[in-house]
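Novice: Following this message is one structure expressed as structure tokens.
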Ligand code: PPS
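In the working numbering, the protein residues as written are 802 to 1092.
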């Protein structure tokens, strides 16, 4: 059975999935707790990967404990709302303290209580070209999104910020600026690919945990792309096919840096680069598009 593919609805100018927009009041009033850890990302930037890493840290590297339930239960998605399923806020309200919270909200839409409670935050960013490609396949398989149309059409929408959660450029820039005044670890997908153990040590340090080599090794192994693709508690295959159809494109698709080269034409790449320079002007934030 096909669910609908409703159009996006703007919340304070940011295009949102219709059901999420309809539930916005609940999200805006969300009460964060001081020991909540926020995991924030633009979609398709390594959210599930960093979530699994953090849950492993919270469970002292016990892989069996990390298989107790699906990743979207262990790390509820704050703004998630689809009729007939508990919302992200409802799931979070039932969690014991030291909650892990996933969000894709741009920084200006984050509920005030996260700032008031001074919650720690981990932001993970990924280069725009690989995100655009990953998002295009995700739009097709996750049917709460509008039909993406052709790749060329989708790339135009992505560049202009006419996609769910809005502009990639504004998202990564907004959170980057906020890190200067807040307890935030800003990570890059490309760094994690290059040297996962180094990045895992950074996360441990940020969370005030000793970086024991045994723990780092256990986390690196459990959160490799191959392992996570096979892990039903991490790969989203427990979601009904009517919502996510892995036969169209698996959630755990390729997990590499530089796949955009297989998708962008030379003309698309030139157009994207020219626009990118405009939209990223004046920031010291920079990305590697290959490693
Ligand atoms: S979501 O829906 O926004 O929460 O998706 P998100 O988890 O942010 O992004 C999905 C992409 O991350 C890749 N992925 C990984 N890459 C490397 N290692 C690990 N362990 C890993 N887990 C997930 C996943 O394959 C998606 O990227 P693409 O490029 O589509 O393969």
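Glycine included, C-beta positions come from ideal geometry on N, C-alpha and C. Source: prediction; values computed, not measured.
Given 7 Å as the limit, tell me if residue 972 has its C-beta closer than that to any heavy atom belonging to the ligand PPS.
Specialist: no
Novice: Measuring straight from C-alpha to C-alpha, what distance separates residue 967 and residue 907?
Specialist: 8 Å
Novice: Per DSSP, residue 841 forms a beta bridge with which residues?
Specialist: Per DSSP, the beta-bridge partners of residue 841 are 904 and 924.
Novice: Any chance the CB of residue 1083 is under 7 Å from a heavy atom of the ligand PPS?
Specialist: no
Novice: How big is the Cα-Cα spacing for residue 1029 and residue 1053?
Specialist: 8 Å
Novice: Suppose contacts are defined by Cβ-Cβ distances below 8 Å. Is residue 820 in contact with residue 964 by that definition?
Specialist: no
Novice: So, is residue 876 buried or exposed, given that buried needs 16 or more other C-beta atoms within 10 angstroms?
Specialist: Per the 10 Å Cβ criterion, buried.
Novice: Quick check on DSSP: helix, strand or coil for residue 1016?
Specialist: helix
Novice: Do you know whose CA, among 900, 805, 930 and 816, lies nearest residue 1094's CA?
Specialist: Missing from the structure shown is residue 1094; the chain here goes from 802 to 1092 and no further.
Novice: Is the beta carbon of residue 1035 less than 8 Å from the beta carbon of residue 997?
Specialist: Going by C-beta atoms, residue 1035 is not nearer than 8 Å to residue 997.
Novice: Once DSSP output is grouped into helix, strand and coil, what is the label at residue 828?
Specialist: helix
Novice: Three or more C-beta pairs closer than 8 Å, one from the segment 1077-1088 and one from the segment 1043-1057: is that the case here?
Specialist: no
Novice: Short of 8 Å in beta carbon distance, which residues of its chain neighbour residue 910, apart from the five on each side in sequence? Order them along the chain.
Specialist: 812, 813 and 815
Novice: Spatial neighbours of residue 1045 within its chain, please: C-beta separation below 7 Å, excluding the five flanking residues on both sides.
Specialist: 942, 943, 1037 and 1052
Novice: Are the segment 837-854 and the segment 921-929 touching, with three or more C-beta to C-beta distances below 8 Å?
Specialist: The segment 837-854 is in contact with the segment 921-929.
Novice: Who are the near neighbours of residue 802 in its chain, counting only those whose CB is closer than 8 Å to its CB and skipping five residues on each side?
Specialist: Model confidence at residue 802 stands at a pLDDT of 43, short of 50, so the residue's coordinates are unreliable and nothing is read from them.
Novice: Take every Cβ of the segment 852-872, pair it with every Cβ of the segment 1007-1024, and state whether three or more of those distances are shorter than 8 Å.
Specialist: yes
Novice: Within 7 Å: the Cβ of residue 1039 and any heavy atom of the ligand PPS?
Specialist: no
Novice: Flag residue 1029 as yes when its Cβ comes closer than 7 Å to any non-hydrogen atom of the ligand PPS, and as no otherwise.
Specialist: Short note on residue 1029: C-beta closer than 7 Å to some heavy atom of the ligand PPS.
Novice: Would you kindly check if the distance between the Cβ of residue 848 and the Cβ of residue 903 is under 8 Å?
Specialist: yes
Novice: Restricting to Cα atoms, I'd like to know which of 993, 994, 984 and 991 is closest to residue 1008.
Specialist: 984
Novice: Would you give the residue range spanned by the beta strand (DSSP E) that residue 945 belongs to?
Specialist: First-last for residue 945: undefined, no H or E at that position.
Novice: Is residue 959 near the ligand PPS, in the sense that its beta carbon is under 7 Å from a heavy atom of that ligand?
Specialist: no
Novice: Pick from 818, 940 and 988: whose alpha carbon is nearest that of residue 1047?
Specialist: 940
Novice: Spatial neighbours of residue 852 within its chain, please: CB distance less than 8 Å, with the 5 preceding and 5 following residues excluded, ordered by chain position.
Specialist: 840, 872, 875, 876, 901 and 903
Novice: Determine the DSSP secondary structure at residue 802, reduced to helix, strand or coil.
Specialist: Low local confidence applies: a pLDDT of 43 at residue 802 is under 50, so the model's placement there is unreliable, with the coordinate-based value given in what follows. In this structure, residue 802 counts as coil in the three-state DSSP scheme.
Novice: Which residues in the same chain as residue 993 place their Cβ atom closer than 8 Å to its Cβ, once the five residues preceding and following it in sequence are excluded?
Specialist: 847, 850, 851, 925 and 1000
Novice: Which residue or residues does DSSP assign as beta-bridge partners of residue 749?
Specialist: This structure cannot speak to residue 749, because the chain is shown only from 802 to 1092.
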